[in-house]
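Numbering (the numbering used here), first residue to last: 1 to 71.
Note that the Cβ used here is the ideal one computed from N, Cα and C, for glycine as well.
Below you'll find the structure, written out as structure tokens, and then a few comments.
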């Protein structure tokens, strides 16, 4: 998976749109993980990550012994 090319952008939204377009052309997508604004409402920080990233959460309480697998 290739990272987006380096460049300069006028705004964080322009950066995100460019990175998202590149990611889509490479077969993956990006999402905004967290955004922080200052007390004036201006964007201070934005974290971007792959939409398929993260940690699996077992919501059904299944174990290796109780789960059903298709063979």
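For residue 24, the enclosing alpha helix (DSSP H) has its first and last residue at 12 to 25. Within its own chain, the residues whose Cβ lies closer than 7 Å to the Cβ of residue 50, once the five positions on either side in sequence are excluded, are 28, 30, listed in chain order. In the same chain as residue 32, and ignoring 5 residues on each side of it, the C-beta atoms closer than 8 Å to its own belong to 16, 46, 47, 48, in chain order. Beta-bridge partners of residue 52 (DSSP): none assigned. Within the DSSP bridge table, the entry for residue 37 names 43 as partners.
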